[in-house]
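Step one of this worksheet: look at the structure below.
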């Protein structure tokens, strides 16, 4: 069996040394990054199975990386935080983190929490790796898409947009939520991003803006995927 890949993002070298040795002893493939930019590169090249993330990074807030990951995947995220306030923990979970561990932490607890996240990941993928609606099929683990059985070429953002709509067919997904998940929380007012993306998607899905049979625009509110087209 191929070892699971775990990416650790922290700007403290001693943390990397501490975690790397323990993960290797448990049979995991360790990847390390000390900045958001370096982490994004590893994510794009290696597709790690679990992300262990410290929030205080030299090139920004670690929550920006959470938003980056959540735009395209359900990769489990474990936050390492020195902040112990309940409100902060709730904010982390609502933003997309799966779990958190307060510093200082014990390595045995870290390993156990990582294993639990991997177990949940395997179970989730087995149950819901595919989404199908309106003649569209998405395979989450491989980022592949089909339209009426034929391969459909999508950008990462197009895939993320369709995934969000197809998770709850016929239900309105607010544009602020779409913008936050796909582009990040600093772009929740940039609705023109969505208009451009949806225009591109309509061409690929043979969906006429004047006769919306796949993606329904709710002006000023958001979008829904029509499952009965």
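Residue numbers (the working numbering): 71 to 299.
Note that beta-carbon positions come from the ideal geometry of N, C-alpha and C, so glycine has one too.
DSSP state of residue i mapped onto helix, strand, coil
i, result
"residue 173", "coil"
"residue 288", "strand"
"residue 183", "helix"
"residue 256", "helix"
"residue 210", "coil"
"residue 296", "coil"
"residue 281", "strand"
"residue 165", "helix"
"residue 222", "coil"
Alpha-carbon spacing of residue i relative to residue j, whole angstroms
i, j, result
"residue 292", "residue 93", "43 angstroms"
"residue 89", "residue 226", "31 angstroms"
"residue 285", "residue 161", "31 angstroms"
"residue 257", "residue 270", "19 angstroms"
"residue 187", "residue 281", "43 angstroms"
"residue 144", "residue 124", "18 angstroms"
"residue 184", "residue 277", "42 angstroms"
Beta-carbon proximity list for residue i, same chain, < 6 angstroms, skipping 5 on both sides
i, result
"residue 104", "81"
"residue 128", "81, 105"
The alpha helix (DSSP H) enclosing residue i, as first and last residue numbers
i, result
"residue 270", "261-275"
"residue 237", "226-237"
Boundaries of the beta strand (DSSP E) in which residue i is found, first to last residue
i, result
"residue 147", "147-151"
"residue 201", "200-203"
Cβ shell of residue i (< 7 angstroms), same chain only, five flanking positions each side left out
i, result
"residue 296", "204, 240, 283, 284, 286"
"residue 217", "205, 206, 275"
Check: residue i C-beta below 8 angstroms from any heavy atom of the ligand NAP
i, result
"residue 176", "This structure does not include the ligand NAP; it has no bound ligands of any sort."
Sequence ranges, beta strand (DSSP E) only - wholly within the region 87-136, length at least 3: Taking only runs of at least 3 residues, the beta strand (DSSP E) segments lying wholly in the region 87-136 are 99-103, 120-124.
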